[in-house]
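Novice: Take this structure, written in structure tokens, and hold onto it; I'll ask about it next.
2 protein chains.
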Amino acid sequence: MLEGSRTGRLSAGPRLSCIGLCESCRVRGVAICRALEPNALEELAALATRIAVPPGKLIFEEGEPASYLFTLVEGVIKLYKELSDGRRQITGFLVPGDFLGLAHFASYAYSAEAVTEVALCRFPRESFLRFMERHPALERELLSRASSELASAQEQMLLLGRKSAKERVASFLLSFARRQATGEGAVVALPMSRSDIADYLGLTIETVSRSFRAVVDEGLIQLTDRHHYRVLQPDRLRQVAAVS
Amino acid sequence: MLEGSRTGRLSAGPRLSCIGLCESCRVRGVAICRALEPNALEELAALATRIAVPPGKLIFEEGEPASYLFTLVEGVIKLYKELSDGRRQITGFLVPGDFLGLAHFASYAYSAEAVTEVALCRFPRESFLRFMERHPALERELLSRASSELASAQEQMLLLGRKSAKERVASFLLSFARRQATGEGAVVALPMSRSDIADYLGLTIETVSRSFRAVVDEGLIQLTDRHHYRVLQPDRLRQVAAVS
DNA sequence: CGCGTTTTTGACAAATATCAATGCAGGTGG
DNA sequence: CCACCTGCATTGATATTTGTCAAAAACGCG
Chain A
11 MLEGSRTGRL SAGPRLSCIG LCESCRVRGV AICRALEPNA LEELAALATR IAVPPGKLIF
71 EEGEPASYLF TLVEGVIKLY KELSDGRRQI TGFLVPGDFL GLAHFASYAY SAEAVTEVAL
131 CRFPRESFLR FMERHPALER ELLSRASSEL ASAQEQMLLL GRKSAKERVA SFLLSFARRQ
191 ATGEGAVVAL PMSRSDIADY LGLTIETVSR SFRAVVDEGL IQLTDRHHYR VLQPDRLRQV
251 AAVS
Chain B
11 MLEGSRTGRL SAGPRLSCIG LCESCRVRGV AICRALEPNA LEELAALATR IAVPPGKLIF
71 EEGEPASYLF TLVEGVIKLY KELSDGRRQI TGFLVPGDFL GLAHFASYAY SAEAVTEVAL
131 CRFPRESFLR FMERHPALER ELLSRASSEL ASAQEQMLLL GRKSAKERVA SFLLSFARRQ
191 ATGEGAVVAL PMSRSDIADY LGLTIETVSR SFRAVVDEGL IQLTDRHHYR VLQPDRLRQV
251 AAVS
């Protein structure tokens, strides 16, 4: 796994902007950096390996020993679980700044695959956990992130259990636009395939395609091409999304 | 909310077995107690109020300020989210030992309601968080629990997004039996209504009922009455549940 | 430009929801 | 003690949504 993708241990160069956690801060305004003093940050940086992963390549697989933790520096990752007959459920898409690989047990509970070209910081699990024991601020940050992930997971359960196809697609388009933090009317990039969207929303690609068409036909969004859209009527889209 | 359910601040009596966290330990063999020294435990106990809630009563509601954290001492709780038109998704059932109320933001992300007669320990959020800051072991325990909840949430997304009605019901029956940690062939109590099961599995009560019938007819389980069952063929039930 | 892949569109099938009626059980009051 | 009432659960008939299968269209890449 990932052999050859290793781009070498960080030593010289713009260290702070390369350790992932810190990069994350810059990108998302989150507090990991601020919570750690500079020399702790140096220590953490020394644990990190920078990894590059091409689109479509596995980062780790469900059930594999959870030997590493990661921060996503660049690109988009999908997390998913599969049934033995191949049915797949994507449980989330990660964007730069997100943390990856916290496992309650010794092995990963899901698989992770690069959607786009991806840059990661990889931390060996053991040394990261030891570092965390000495730095409760980091632990607090991760607990806070875990809580907010749990909240999105519950939101997604509501979507999967109770929303119609069109409501699911509308919800997805809204939340993805929100996450890219682009202003009103800006173009939103949709890097994943229809198949990924279907597996995320618990639908088939055909149903996703038809639901896209419906919201386009109603003028709620505009598809500039298959991987970019613009939200035209956010309020009506929110209505269609049946947001609680 | 909960006015009158208050049974008074703990002072005398079997303190350690009453503070919830500790009770939790006893019930589930989890390490909160072991992680805290006895005098820290005393301090935590002093923050707790014991609460009793009758079946069907709200404990807190989505959106309400998250002023308290809880541990469930006795009984079963359901957590759920609702859409404006009344559609509801139950995101989980809690059993004794479970922790409740971690909110990333200032307000609860879901509602909590007693399924059976419930006994809780209630901690004021602020003082609990201050206590936690001074006791990283507690923080670690909560992070670990949050990770494992996240894993079950992902499992549930797979169920909601990709499993058939019968597979959902079989999965539910299995996981509920596993949680009661009863031995092979023992009777499992199913305290919630069919409507709750439906809202948990993203189905209607009719479909739940028909799926129950299917697994009963195939001899995989036996329904002793509407709220108790026995798993007769765990392996075949697992197959039907399409566990990954 | 041509080929393979992804996406869209259409016709039809299957699963589950909806609507309606019946059954069952526990609680209440005569 | 029994009959009735009320709420929950089951069963059945039908409707709707979404999935499946197949073909055409669009796109991306050599």
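So the sequences go chain by chain: A and B.
So the mapping is simple: our numbering equals the position in the first sequence, first residue as 1, plus 10.
So the mapping is simple: our numbering equals the position in the second sequence, first residue as 1, plus 10.
Glycine included, C-beta positions come from ideal geometry on N, C-alpha and C.
(1) According to a CB-to-CB cut-off of less than 8 Å, which residues of the segment 117 to 138 of chain B neighbour chain A?
(2) Can you name, in chain order, every residue of its own chain whose Cβ lies under 6 Å from the Cβ of Val37 of chain A, other than the five neighbours on each side?
(3) Mind pulling the chain A residues with CB within less than 7 Å of Leu153 of chain B?
(4) Which of helix, strand or coil does DSSP assign to Ala199 of chain A?
(5) Identify the contact partners of Pro146 of chain A in chain B, using a Cβ-Cβ distance below 8 Å as the criterion.
(6) Closer than 7 Å by beta-carbon distance: list the chain A residues that pair up with Leu160 of chain B, in chain order.
(7) When you compare only the Cα positions, how much space is there between Phe182 of chain B and Glu53 of chain A?
(8) Just verifying my parser: in three-state terms, what is the DSSP assignment at Glu194 of chain B?
(9) Less than 8 Å between CB atoms is the rule here; does Thr234 of chain B satisfy it with respect to chain A?
(10) In this structure, does DSSP put Gln243 of chain A in helix, strand or coil?
(11) Using the C-alpha atoms, what's the distance from Leu230 of chain B back to Ala246 of chain B?
(12) Compare the Cα-Cα distances from Arg60 of chain A to each of A:Ser77, A:Leu51, A:Gly66, A:Thr81 and report the closest residue.
(13) Please classify His238 of chain A as buried or exposed, where buried requires at least 16 neighbouring CB atoms within 10 angstroms.
(14) Would you identify the three-state DSSP class for Pro48 of chain A, choosing helix, strand or coil?
(15) Take Leu169 of chain A and list the residues in its own chain whose beta-carbon comes closer than 6 Å to its own, dropping the five residues that flank it on each side.
(16) Can you give me the C-alpha to C-alpha distance between Leu89 of chain A and Asp209 of chain A, rounded to a whole angstrom?
(17) Looking at chain B, which residues of the segment 100 to 112 of chain A have a Cβ within less than 9 Å of any of its Cβ atoms?
(18) Suppose you measure from the CA of Leu20 of chain A to the CA of Thr192 of chain B; what does that come to, to the nearest Å?
(19) According to the Cβ coordinates, are Ile69 of chain A and Glu123 of chain A closer than 8 Å?
(20) With Phe109 of chain B and Leu152 of chain B assumed to form a contact (beta carbons below 8 Å), what rounded beta-carbon distance in angstroms separates them?
(21) Identify, in the order they occur along the chain, each residue of the same chain with its Cβ nearer than 7 Å to the Cβ of Gly39 of chain A, setting aside the five sequence neighbours on each side.
(22) Using a threshold of 8 Å, state whether the C-beta atoms of Leu93 of chain B and Arg172 of chain A are closer than that.
(23) Over what stretch of residues does the alpha helix (DSSP H) that includes Ala129 of chain B continue unbroken?
(24) Provide the residue span of the alpha helix (DSSP H) that contains Ser158 of chain B, from first to last.
(25) Determine the chain B residues that contact Lys88 of chain A at a beta-carbon separation under 8 Å, and present them in chain order.
(26) Please classify Thr101 of chain A as buried or exposed, where buried requires at least 16 neighbouring CB atoms within 10 angstroms.
Specialist: Taking the structure as given:
(1) Ala119, Tyr120
(2) Residue confidence for Val37 of chain A is low, a pLDDT of 43 falling below 50, so the modelled location carries little weight; the figure read from the coordinates is stated next. Correct list, in chain order: Pro106, Gly107.
(3) Glu149, Leu152, Leu153, Ala156
(4) strand
(5) Glu143, Pro146, Glu149
(6) Result: Ala156, Glu159, Leu160, Ala163.
(7) 45 Å
(8) If DSSP states are grouped into helix, strand and coil, Glu194 of chain B belongs with coil.
(9) Output row for Thr234 of chain B: interface = no.
(10) coil
(11) The amino acid at residue 246 of chain B is misidentified as Ala; the sequence shows Arg. In a straight line, the C-alpha of Arg246 of chain B is about 7 Å away from that of Leu230 of chain B.
(12) Cα-wise, what sits closest to Arg60 of chain A is A:Thr81.
(13) exposed
(14) helix
(15) Arg178, Ser181
(16) 11 Å
(17) For the segment 100 to 112 of chain A, the set of positions with a beta-carbon nearer than 9 Å to some beta-carbon of chain B reads Ile100, Thr101, Gly102, Leu112 in chain order.
(18) Residue confidence for Leu20 of chain A is low, a pLDDT of 30 falling below 50, so the modelled location carries little weight and cannot support an answer.
(19) yes
(20) Beta-carbon to beta-carbon, Phe109 of chain B and Leu152 of chain B are separated by about 7 Å, close enough to satisfy the 8 Å threshold.
(21) Confidence at Gly39 of chain A is low in this model, with a pLDDT of 36, below 50, so the placement of that residue should be treated as unreliable; the coordinate-derived value is given next. There are no such residues.
(22) yes
(23) Run containing Ala129 of chain B: none in the alpha helix (DSSP H); it sits in the beta strand (DSSP E), 128 to 134.
(24) 146 to 172
(25) Within chain B, no residue comes near Lys88 of chain A; the closest Cβ sits about 13 Å away, beyond 8 Å.
(26) So Thr101 of chain A counts as buried.
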